[in-house]
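Counting the sequence shown from 1 gives a position; my numbering is that position plus 63. Every residue, glycine too, gets a C-beta built ideally from N, C-alpha and C. Since the model is a prediction, treat every value here as computed from it, not as a measurement.
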Amino acid sequence: LGLIGEGMTLFTNPWGTGLFGASFFSITGLHLLHVTGGVVALIAVGVRYKNGRYNADDLEVTGLYWHFVDLVWMFVVPFVYLLNLSH
Numbered sequence: 064l065g066l067i068g069e070g071m072t073l074f075t076n077p078w079g080t081g082l083f084g085a086s087f088f089s090i091t092g093l094h095l096l097h098v099t100g101g102v103v104a105l106i107a108v109g110v111r112y113k114n115g116r117y118n119a120d121d122l123e124v125t126g127l128y129w130h131f132v133d134l135v136w137m138f139v140v141p142f143v144y145l146l147n148l149s150h
């Protein structure tokens with residue numbers, strides 16, 4: 064009920080681009096965090112491979128995680144850029 068007092072309506076954005084900017088940086092920042100985690104995991108698998116402690120399960124799980132993050136990005140880009148509802 065408090066949002067009604069703030070002027071929130073169904074088809075307009077009374078807060079303007081501030082809401083879009085906060086959403087944009089939250090979504091892309093969270094994605095960056097996951098990409099960084101994937102890069103760290105890939106480096107860890109590479110180091111283990113170089114040291115002779117190769118484990119196919121580790122590589123498979125890391126690959127699945129990496130491709131999942133990539134798949135999520137394919138939905139984030141259209142959501143953020145093509146469905147820009149800030150104006």
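R116 sits in coil when the DSSP states are folded into three classes, being neither helix nor strand. Distance check between E123 and each of G109, F87 and W136 places G109 closest, using alpha-carbon atoms only. Segment contact: the segment 129-144 against the segment 83-101, three or more CB-CB distances shorter than 8 Å; contact assigned. Within its own chain, the residues whose Cβ lies closer than 6 Å to the Cβ of D121, once the five positions on either side in sequence are excluded, are V108, listed in chain order.
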